[in-house]
Each structure stands twice: as C-alpha cells, then as structure tokens.
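Under the working numbering, the first residue of the sequence shown is numbered 17, with each subsequent residue one higher. Glycine residues also receive a C-beta, built at the ideal position from the N, C-alpha and C atoms. All remarks here apply to the structure that follows.
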Amino acid sequence: MKIFYLKSDRGRPFFYADPAEVRADDAERPAGALGWIGRKWEGIEFRWKESDGSAAQWSRRLWDRLHSWSKPDEPLLARLATADAIVVRHPAAIAERKVRSAWRRYLAARAGSHWFWLAVDGFLTPITGAVLWILPGPNVVFFWFAYRAYTHYAIVRAIHRARWSPPPTTFEADEALDRPVRRGDDGGRSHDAVADPEALRRHIERRDPADDPDDSEFDADVPTAERT
C-alpha cells in the first residue's frame with residue numbers, strides 16, 4: 017500500500033492514497049462476524065440502489081447527502097487492516113523522523129476521533145431504529161447510524177493494527193513531492209505523483225485540515241537524541 021505525504025497549496029501537509037491503493041478485493045475482506053455484517057450490508061445496499069421506487073430514490077438522495085459528511089481519508093484508514101506492507105512517500109525536504117512523527121500523531125488522532133463517533137453512532141442506532149420504524153419507506157436514518165457505527169469500528173480495528181502490530185512500513189523520500197499540490201485555473205487540485213487528480217480534488221474539498229498533524233508539534237514526538 018502506497019501512501020503520499022503531500023504538501024498542500026495552503027495549510028498543513030496531509031496523508032493521501034490513490035483510490036486504486038485502498039480498494040480491497042474479496043480475498044482481503046475481514047472474516048468472522050465483521051465480514052458477515054459487511055456482506056449482509058452489501059446485499060441490502062445493492063437491492064436498495066437498484067430499486068426504482070420513489071421512496072428508494074428519495075432515500076438514496078438523503079443517503080448521499082449524509083455520506084458527503086464522512087471523512088475522505090476513511091478508505092485509507094480502513095485499508096490498513098489488510099495491507100501487507102506500507103510505503104509512505106514523503107517530500108525529500110522533510111526529514112524522515114518528522115514524517116514518522118506525523119504518521120504516529122495522525123493515526124493516534126484519527127483513532128480518538130473514530131472511537132468517539134463509534135460511541136455516538138452506536139448509541140443512536142437502536143434509538144433511531146425504535147423511534148423511526150413507524151415511518152413509511154426505508155428507515156434511512158437508522159441504517160445510516162448502523163452503517164457509520166460499523167465503519168467506525170472497522171477503522172478503529174485497522175488503526176490499532178497499524179499502530180501496535182503494523183505490517184512492514186518504510187518511508188521513502190521523493191524530491192517530486194517537494195512541490196506542493198497545484199491549484200488549477202478552474203480551482204481543481206493536482207499533483208504529478210498522483211494518478212487520479214479528480215479523486216485528489218474531491219479529497220481536498222472534503223478534507224478538514226484540523227485532522228492533520230501540526231508541523232510545530234513534530235519535534236515533541238522525537239527523542240531528544242535524534243534532534244540534530
């Protein structure tokens with residue numbers, strides 16, 4: 017799995033992976049109860065998205081609206097659960113020790129956020145299921161909270177693996193990444209190292225810079241002996 021540490025055209029650097037890097041195949045899906053839930057959900061989602069009923073069409077629009085609020089780095093984090101190896105490519109101008117520190121801080125911060133929302137969505141799932149079941153049509157709100165609770169749980173597990181029992185992880189300096197993401201005349205973003213500029217544009221539009229580590233905090237996470 018290849019991850020880029022990209023310089024933004026403004027604000028902090030951020031971790032990013034092309035969609036092809038985070039797309040899991042059937043052999044990499046989780047086993048056990050988590051895998052069973054995932055397969056059940058995919059079956060329900062397929063039938064719902066293929067339905068031509070007015071209630072299904074309305075609920076899909078609401079679902080898409082709700083889904084636009086999710087974080088764009090969730091596929092990257094979820095993929096950490098099954099990655100055989102991780103390669104973090106970073107600007108050559110940024111010392112490896114600082115990138116390692118940024119990676120650790122990023123995972124810790126995202127774990128805390130997903131733990132919090134797992135608790136919130138897990139609490140709201142049975143409430144919305146019990147209260148809104150009388151409404152006609154699919155209970156989109158209930159399914160949304162159930163889906164989000166499942167997503168947060170899967171990501172928490174993936175981050176735990178990446179932090180405490182990670183696959184082989186290497187950090188590679190790349191001078192091409194010293195150049196920041198470019199802003200085009202149309203407002204879009206692109207970078208020569210990124211294969212899918214449209215995916216990068218969508219990622220940046222939905223990205224919250226507060227989720228990324230602050231450069232000023234890097235040295236605090238590096239042993240004193242390594243600071244030269």
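Exposed or buried, what is residue i when buried is set at 16 or more other beta-carbons lying within 10 Å of its beta-carbon?
| i | result |
| --- | --- |
| residue 83 | exposed |
| residue 236 | Only weak support exists for where residue 236 lies, its pLDDT of 44 falling under 50; the value from the coordinates is given anyway. It is exposed - the Cβ of residue 236 has fewer than 16 other Cβ atoms within 10 Å. |
| residue 132 | exposed |
| residue 123 | buried |
| residue 33 | buried |
| residue 226 | exposed |
| residue 180 | exposed |
| residue 119 | buried |
| residue 205 | buried |
| residue 110 | buried |
Do you know how far the Cα of residue j is from the Cα of residue i?
| i | j | result |
| --- | --- | --- |
| residue 39 | residue 214 | 16 Å |
| residue 22 | residue 80 | 28 Å |
| residue 175 | residue 201 | 37 Å |
| residue 95 | residue 20 | 14 Å |
| residue 126 | residue 224 | 12 Å |
| residue 244 | residue 29 | The predicted model places residue 244 with a pLDDT of 40, which falls under 50 and marks its position as unreliable, so this point remains unresolved. |
| residue 160 | residue 129 | 18 Å |
| residue 171 | residue 93 | 6 Å |
| residue 17 | residue 136 | 31 Å |
| residue 107 | residue 195 | 8 Å |
| residue 165 | residue 221 | 24 Å |
| residue 162 | residue 173 | 17 Å |
| residue 31 | residue 203 | 21 Å |
| residue 7 | residue 191 | No answer is possible for residue 7: the residues shown for the chain start at 17 and end at 244. |
| residue 138 | residue 158 | 11 Å |
| residue 27 | residue 76 | 34 Å |
| residue 117 | residue 143 | 40 Å |
Are residue i and residue j close, meaning C-beta to C-beta below 8 Å?
| i | j | result |
| --- | --- | --- |
| residue 199 | residue 97 | no |
| residue 216 | residue 105 | no |
| residue 207 | residue 88 | no |
| residue 115 | residue 186 | no |
| residue 91 | residue 212 | no |
| residue 182 | residue 100 | no |
| residue 197 | residue 86 | no |
Which whole-angstrom value is the C-beta distance of residue i and residue j, which I expect to be below 8 Å?
| i | j | result |
| --- | --- | --- |
| residue 147 | residue 78 | About 17 Å; that fails the 8 Å criterion. |
| residue 140 | residue 168 | At roughly 12 Å, the Cβ-Cβ gap does not stay under 8 Å, so residue 140 and residue 168 are not in contact. |
| residue 189 | residue 112 | 7 Å |
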